[in-house]
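Here's the structure, in structure tokens; my notes come after.
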Amino acid sequence: MLISSAYFKPPATEDIPEPVTAATPTPAPTAEPSPTPKPALSEPKKEIYVPVWANIPVLYDGASEPRAHTVSPPVHEPKFISGCGQILSSYTWGGDIPETKAVDDDYFSDAVFIGNSLAEGFMLYSKLSTPDFFATKSISVVNIYTQKAVNIGGGEYITIMDALARKSYGKVYILLGLNEMGYGIDEIVRRYSGLIDDIRKLQPGAEIYLQSLTPVTKEQSDSGSIFNNDSINKLNEDLKQLAADKKLHFVYIYESLANSEGCLPSEASNDGIHPYSKYYIQWKDYLKTHTVTEVKR
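Dropping the structure here:
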């Protein structure tokens, strides 16, 4: 049977018991979490410069004294050494070559000695056989280009400059200037300078050594001749400066033959200019203890 909703009457509310529900317990309060502490702000690092060698940067955090990075001092390679390997730290081009341990004769095996009658005497009496020699009487900075002084065999002679063009050398020792005294010192130096340039073109890999003029005896020097020690010393000074300007070595062999008065001993020569044979040995010994070479890099 259908019951119409118009005729349906719900029971009185008092007749329906209230449902009984258990009370929901109130949760105990939980502790508030402590906030995570933020890291303290540090002072930003600063880059500063301190005077250690050449403004080397360091990092400074503000809490300690700034310290430079550990840096070794710059290493300077030697520029010149002696023939026995000793570093010549104070030597410069054209300067005084310090005395060092003597080299043996083989040191000169790549050398050539060119020059006048004094160089010829050195060839004959020094007992140094390892280098080549292009030396003869009357050679000067003027006629070295034209005088055929070098015997190449078969009765054929060529000039010293032509001989230099035929072989490469490591060292070129030059002794000129005495025969040119009549030209005047300025003219000698001017021509010497041009000769050096020409030799360098022929021997680009060689080191060049200008040997000083040697002293004459006091008697010769006081005779009024153009061959006197005052003029020789003045020319030597100018050749030393020329060596510095041209980046050459100046070998002061003068002191190997001079006595306490700065002259060739009277008993050392019969003409006042050319020494006897034993003095060429002194000259050789001087060369062997006064060696220098540029360190090639």
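If you read the sequence shown in numbering that gives the first Met the number 0, its first letter stands for residue 0, the second for the next number, and so on. A virtual CB, placed ideally from N, CA and C, is assigned to each residue, including glycine.
Contact check, residue i vs residue j, beta carbons under 7 angstroms
i	j	result
A162	V171	no
A129	S108	Just to set this straight, residue 129 is Thr in the shown sequence, not Ala. Contact: yes.
L174	Q210	yes
G120	Y279	yes
K277	L127	no
V140	L212	no
F133	M122	no
K147	T158	yes
Outcome for residue i when other beta-carbon atoms lying within 10 angstroms are tallied against a minimum of 16
i	result
E266	exposed
I225	exposed
Q240	exposed
G93	buried
K287	buried
G82	buried
A164	exposed
Residue nearest to residue i in terms of C-alpha spacing, selected from the options
i	options	result
L177	I80, E293, Y253, C83	Y253
D185	I143, E236, I138	E236
M180	T292, N227, F249	N227
Y204	S192, S167, D221	In the sequence as displayed, the identity of residue 204 is Gly instead of Tyr. That would be S167, whose Cα lies nearest to the Cα of G204.
L201	N232, V291, Y144	Y144
Unbroken beta strand (DSSP E) run spanning residue i, endpoints
i	result
G298	Not covered by the structure: residue 298. The range shown for the chain is 0 to 296.
Q210	206-210
Beta-carbon separation (whole angstroms), residue i vs residue j, contact threshold 8 angstroms
i	j	result
L256	I187	So it is not a contact: roughly 21 angstroms between Cβ atoms.
S268	T216	6 angstroms
Y208	L247	7 angstroms
F79	E218	Actually they do not touch by this definition, with Cβ atoms about 39 angstroms apart.
V312	I151	An answer regarding residue 312 cannot be provided, because it is not within the stretch 0 to 296 covered by the chain.
Residue range of the alpha helix (DSSP H) that includes residue i
i	result
I159	159-163
Y124	116-124
Y285	276-288
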